[in-house]
Amino acid sequence: MTIKTASDRPTMIEFREVQKYYGDYHALRGISAEIRAGEFFSLLGPSGCGKTTLLRTIAGFEDISSGAVLIDGKDMSNVPANKRPTNMVFQSYAIFPHLTVAENVGFGLRRDPRSSAEKARAVEEALELVGLKGYGPRAAHAMSGGQRQRVALARALILKPKVLLLDEPMSALDKKIREQMQVELIKLQRELGITFVLVTHDQEEALVMSDRIAVMFDGEIAQLADPETLYRHPNSRRVANFIGVMNFLPARVTAESDSHVALEVPGLGPLEVTPDQVAAQTSGGEATVGFRPETLTLLYEGQTASDREAPGVIDEVVYYGDMTYYDIRLDGVSAPVRISMRNVFGRPVLDVGSRIRVAWSPGALVLFR
Amino acid sequence: MKSPGLRLFAFAYLIFLYAPIVLLPIFAFNSGTIIAFPLKGFTLHWFDQLFSNATLGQALRNSLIIAVSTAIFATTLGIFAARASTRYRFPGKPGIMGLIMLPLVLPEIIVAVSLLIVLLGIGVPLSIFTVILGHVLAATPYAIAVLNAAFSSLDKSLEEAAYDLGETKWSTFRLITLPLVLPGIVSSMLMAFTISLDEFIIAFFLAGEQVTLPTYIFSQLRFPKQIPMIMALGTCLVIASIVLLTIAEYARRRGIAKTGAKDTGGFL
Ligand SMILES: Nc1ncnc2c1ncn2[C@@H]1O[C@H](COP(=O)(O)OP(=O)(O)OP(=O)(O)O)[C@@H](O)[C@H]1O
Ligand SMILES: [Mg+2]
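Protein sequences appear in the order of chains A and B.
Start counting the first sequence at 1; every next residue gets the next number (this note's numbering).
Start counting the second sequence at 1001; every next residue gets the next number (this note's numbering).
The following block contains the structure:
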């Protein structure tokens, strides 16, 4: 688990009401947020939501239509990309194919007044940092995907930027190398203490790596929080759906006070939730309760629920080795709800059509209204 | 090529393409003055005549100056246009690009005549320089077509990465863009050079008193006595073309091997 960033860290990047139009297309619709120094920050969202655009406004590749981007307290409106204290790892890695690995990594030092011997040492150190010691003389275009990414990292880090920007750096890697690189990136970020801003559309990647995540939809930040808060207390159904799996059941609010909200939920019966379980979604209309698959438990013969239970029938079984997903039709509800159960040795996987009972707890619910 | 019919077709096609070229050296070394079989005997006389011909020397010099200038100007203009069309969005872009490419499909005689009228109208004396103008106009669309391919296969983020690492727009162009589109530039220069070297109509209209290789050859065809010498000239030109293309292709392949780029065919 990531060590949570202390919230009293100074601000490194500040977006003030950032708007971006491409012609008539409104790509960023008033982004206001702060990224703290030394934070591993992720921009997460579906394709086309404006993540890359927002990242590029930090780098200086994209002029904003209105608002301001501040880095380390300084307004960047008149600072071009080549003068900003940021460096970027591109999605395609953008390795210069006609140069060697060492020439790629040392590219940013061309204007550095140090002697060439000192620069060569800096390059070697950067290569060592990313685990490519001794690869300097190789042709950059002959490197594998994972190695290219390391070259791109070393090249971006050699100028010791205040902020490292990464645009979907892992999307071109296969699963094994991706997971390995995720761990290495986290370690690197801790070691260097540089602010990392990562763009990703992979919610798992964002949860694993980030101190905080901004979830974006349609050019707006829908929610900005640490991974645990995002997962447990999504502020809208859209965020909840984007991060992990969430079941939804329609609910009717029957009574409301300062200390609790009373609900009637078909399939679960009457229940009460506390105000901190209520998502700040202000759409009005139909209320919905949401719950994650792992907050429900199948009860086997002779087991009893510690809190509440509900009867139902197994509709579908998906076996994953360590886990089994059950789709369950609760009595009185037409849409199935998904439950994930860890497979324990000696406990059988149940069959489709079995009548079962499900243990649940009102404390694990989120109310969207 | 499985079917015998297709094989035959390919064979006939190659003969049709290359037989005239093979005939050039045969008659260039033939001592007879009439271009017909049977051959009479071996001679180097025509080459001797060729190299001692002062007008021809002048024509060759003019043509080389024109072709080299055309290659440089057309490719330079092509670089600007190809970069603009692959990197920037601007209003009216398709129309503008279409207009630039128009000389590609315009009959050359129309271009030549209208250029002549314009140049005479504004009082520019006809010279090598006016031929260069015409040839640049004719060759630029070809240069753009070749360079467009080179520029559009260049990943935009390479330039952004260099800029991000502290280089200026210009040094980025010099350090990253230029080396990576170099094979395209070589192809473009070569194409513009060859287009200019054997261009007849524009040169015929715009050269004024000057001669170029094609206009000189045309003027000599009226004299049957000169034809074997023209054959010798053709032989030299074929050899020069082969050497030039070989060098260019070698350079292109080396460039590709160095950057590990995909070989997209290029010129040869
Ligand atoms: N140069 C541009 N001109 C016009 N529209 C653009 C331009 N760049 C991006 N857009 C549009 O802006 C929107 C946001 O693009 P952006 O690249 O930021 O998305 P993204 O969240 O990074 O998506 P992806 O996950 O697909 O990379 C998209 O709808 C895109 O079509
Ligand atoms: Mg993107």
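Here a beta-carbon is modelled for each residue, glycine too, at the ideal position from N, C-alpha and C.
Quick caveat, the model's predicted, so the values are computed rather than measured.
Shorter than 8 angstroms, the distance from the beta carbon of Val215/A to the closest heavy atom of ligand 2, or not?
As a position in the first sequence, residue 215/A is number 215, starting the count at 1. Not so, every heavy atom of ligand 2 lies at least 8 angstroms from the Cβ.
Which of helix, strand or coil DSSP assigns to Leu129/A = Residue numbering aside, residue 129/A sits at position 129 when the first sequence is read from its first letter. Looking at Leu129/A - three-state DSSP - the assignment turns out to be helix.
Ignore the nearest five residues each way along the sequence and tell me which others in Gly108/A's own chain have a CB closer than 6 angstroms to its CB. Looking up residue 108/A in the first sequence gives position 108. Excluding positions up to five away in sequence, the list reads Ile158, Leu159.
*asked:* Are the CB atoms of Ala1251/B and Ala943/B within a distance shorter than 9 angstroms?
replied: Residue 943/B lies beyond the residue range present for chain B, which begins at 1001 and ends at 1268; the question has no answer from this structure.
ask   = What residues of chain B sit near Asn78/A, judged by a beta carbon separation below 8 angstroms?
value = Residue numbering aside, residue 78/A sits at position 78 when the first sequence is read from its first letter. The contacting residues do not exist; Asn78/A stays about 16 angstroms from chain B at best.
Proximity test, Pro46/A beta-carbon vs ligand 3 heavy atom, cut-off 8 angstroms:
Annotation note on ligand 3: not contained in the displayed structure, which lists ligand 1 and ligand 2 as its ligands.
task = Tell me where the beta strand (DSSP E) around Gly290/A begins and ends.
result = The residue labelled residue 290/A in the question sits at position 290 within the first sequence. First-last of the beta strand (DSSP E) with Gly290/A: 287-291.
Closer than 8 angstroms: Gln19/A CB and nearest ligand 2 heavy atom: In the first sequence, the residue the question calls residue 19/A occupies position 19. Flag unset: Cβ of Gln19/A not near ligand 2.
Give, in chain order, every residue of the segment 1171-1199 of chain B whose Cβ lies closer than 7 angstroms to some Cβ of chain A.
Ile1176, Pro1179, Leu1180
Contact residues within the segment 129-160 of chain A, judged by C-beta distance below 9 angstroms to chain B: Ala139, Ala140, His141, Ala142, Ala152, Arg155, Ala156, Ile158, Leu159
In whole angstroms, give me the CA-to-CA distance for Ile1079/B and Ser210/A.
The residue labelled residue 1079/B in the question sits at position 79 within the second sequence. The residue labelled residue 210/A in the question sits at position 210 within the first sequence. Rounded to whole angstroms, Ile1079/B to Ser210/A spans 44 angstroms at the Cα level.
Notebook entry, point to check: Would Pro1141/B be called buried (16 or more neighbouring beta carbons within 10 Å of its own) or exposed?
Noted result: Counting from one through the second sequence, the residue named residue 1141/B turns up at place 141. It is buried - the Cβ of Pro1141/B has at least 16 other Cβ atoms within 10 Å.
Quiz item: Nearest to Gly1255/B by alpha carbon, out of Val1186/B, Ser1241/B, Leu1104/B?
Solution: Numbered from 1 along the second sequence, position 255 holds the residue referred to as residue 1255/B. Out of Val1186/B, Ser1241/B, Leu1104/B, Val1186/B has the C-alpha closest to the C-alpha of Gly1255/B.
>> Can you find the residues in the same chain that come closer than 6 angstroms, C-beta to C-beta, to Gly206/A, ignoring five residues on each side of it along the sequence?
In response: Along the first sequence, read from residue 1 onward, the residue named residue 206/A stands at position 206. It should be noted that the sequence gives Ala, not Gly, for residue 206/A. Excluding residues within five positions, the ones whose Cβ falls inside 6 angstroms are Ser42, Leu44, Thr200, Ile213.
**OP:** Tell whether a beta-carbon distance below 9 angstroms holds between Pro1179/B and Asp1198/B.
**Re:** As a first step, residue 1179/B is located in the second sequence; it is residue number 179 there, counting from the start. As a first step, residue 1198/B is located in the second sequence; it is residue number 198 there, counting from the start. No.
### Query
If we count the other Cβ atoms within 10 Å of its Cβ and call it buried at 16 or more, is Val1022/B buried or exposed?
As a first step, residue 1022/B is located in the second sequence; it is residue number 22 there, counting from the start. Result: exposed.
TODO: Compute the beta-carbon to beta-carbon distance between Pro1103/B and Val1111/B, rounded to the nearest angstrom, for a pair I have assumed lies under 8 angstroms.
DONE: By one-based count along the second sequence, residue 1103/B stands at place 103. By one-based count along the second sequence, residue 1111/B stands at place 111. Contact holds; Cβ gap of about 6 angstroms.
Cutoff 7 angstroms; reference Glu14/A; Cβ partners in own chain excluding five residues on either side
Taking the first sequence and counting its residues from 1, the one referred to as residue 14/A is at position 14. Excluding positions up to five away in sequence, the list reads Glu34, Leu70.
Discussion item. Please list the terminal residues of the continuous beta strand (DSSP E) segment that includes Gly269/A.
Written reply: Reading the first sequence from its first residue, position 269 is the one you call residue 269/A. 269-273 is the extent of the beta strand (DSSP E) around Gly269/A.
**Asked** If you measure from the beta carbon of Lys1258/B to each beta carbon in chain A, is any gap under 9 angstroms?
**Response** For the purposes of this step, residue 1258/B is identified with residue 258 of the second sequence, where counting begins at 1. Yes, because at least one Cβ of chain A sits closer than 9 angstroms to the Cβ of Lys1258/B.
- Query: What number of angstroms, rounded off, separates the C-alpha of Gly1184/B from the C-alpha of Leu1190/B?
  - Reply: In the second sequence, residue 1184/B corresponds to position 184, counting from 1. In the second sequence, residue 1190/B corresponds to position 190, counting from 1. About 10 angstroms.
Practice prompt. Out of Pro311/A, Leu188/A, Ser115/A, state which residue places its alpha-carbon closest to the alpha-carbon of Val358/A.
Written response: Stepping through the first sequence from its first residue, residue 358/A is reached at position 358. Comparing Cα positions, the closest option is Pro311/A.
Any residues in the segment 175-199 of chain A with a beta carbon nearer than 7 angstroms to a beta carbon of chain B? Which ones, in chain order?
none
Spatial distance of Phe373/A from Arg150/A (CA atoms):
There is simply no residue 373/A to check, as chain A begins at 1 and stops at 369 in what is shown.
Helix, strand or coil at Ile1256/B according to DSSP, with G and I counted as helix = Along the second sequence, one-based indexing puts residue 1256/B at 256. Three-state DSSP puts Ile1256/B in a helix.
Self-check item: Three-state secondary structure (DSSP) of Leu1237/B
Solution: Counting from one through the second sequence, the residue named residue 1237/B turns up at place 237. Three-state DSSP puts Leu1237/B in a helix.
Distance cut-off 8 angstroms: Gln182/A Cβ against heavy atoms of ligand 2: As a working note, residue 182/A is residue 182 in the first sequence. No - ligand 2 has no heavy atom lying nearer than 8 angstroms to the Cβ of Gln182/A.
By Cβ distance, which residues of its chain are closer than 7 angstroms to Leu271/A, with the 5 residues on each side in sequence left out? The count along the first sequence starts at 1 and reaches residue 271/A at position 271. Closer than 7 angstroms at Cβ, skipping near neighbours: Leu263, Val265, Pro362.
Original post:
Is the beta carbon of Phe1200/B less than 9 angstroms from the beta carbon of Leu1116/B?
Top reply: In the second sequence, the residue the question calls residue 1200/B occupies position 200. In the second sequence, the residue the question calls residue 1116/B occupies position 116. Not a contact, by the Cβ cut-off of 9 angstroms.
Of all the alpha helix (DSSP H) runs that stay within the bounds of the segment 1030-1107 of chain B, which reach a length of 4 or more residues? 1045-1051, 1054-1087, 1093-1101
Quiz item: Using the C-alpha atoms, what's the distance from Thr1086/B back to Glu1249/B?
Solution: Working through the second sequence from its first residue, we reach residue 1249/B at position 249. Working through the second sequence from its first residue, we reach residue 1086/B at position 86. Going from the Cα of Glu1249/B to the Cα of Thr1086/B covers about 25 angstroms.
Spatial neighbours of Thr297/A within its chain, please: CB distance less than 6 angstroms, with the 5 preceding and 5 following residues excluded, ordered by chain position. Working through the first sequence from its first residue, we reach residue 297/A at position 297. Answer for Thr297/A: Ala359, listed in chain order.
- Own chain, CB closer than 6 angstroms to Ile1109/B, minus 5 neighbours either side, in chain order: For the purposes of this step, residue 1109/B is taken as residue 109 along the second sequence, with counting starting at 1. Taken in chain order, the residues that qualify are Ile1201.
*Among Phe1218/B, Ser1219/B, Ile1128/B, Ile1242/B, nearest to Ser1069/B - alpha-carbon criterion*: Here residue 1069/B refers to the residue found at position 69 of the second sequence. Cα-wise, what sits closest to Ser1069/B is Ile1128/B.
Problem - For Ile3/A, the three-state DSSP class (helix, strand or coil) - result: Reading the first sequence from its first residue, position 3 is the one you call residue 3/A. Bear in mind that the predicted position of Ile3/A carries a pLDDT of just 48, short of 50, making it too unreliable to give a figure here.
| query | Between Ala251/A and Val289/A, is the Cβ-Cβ spacing less than 9 angstroms? | reply | To locate residue 251/A, count along the first sequence from 1; it is residue 251. To locate residue 289/A, count along the first sequence from 1; it is residue 289. Closer than 9 angstroms, so yes.
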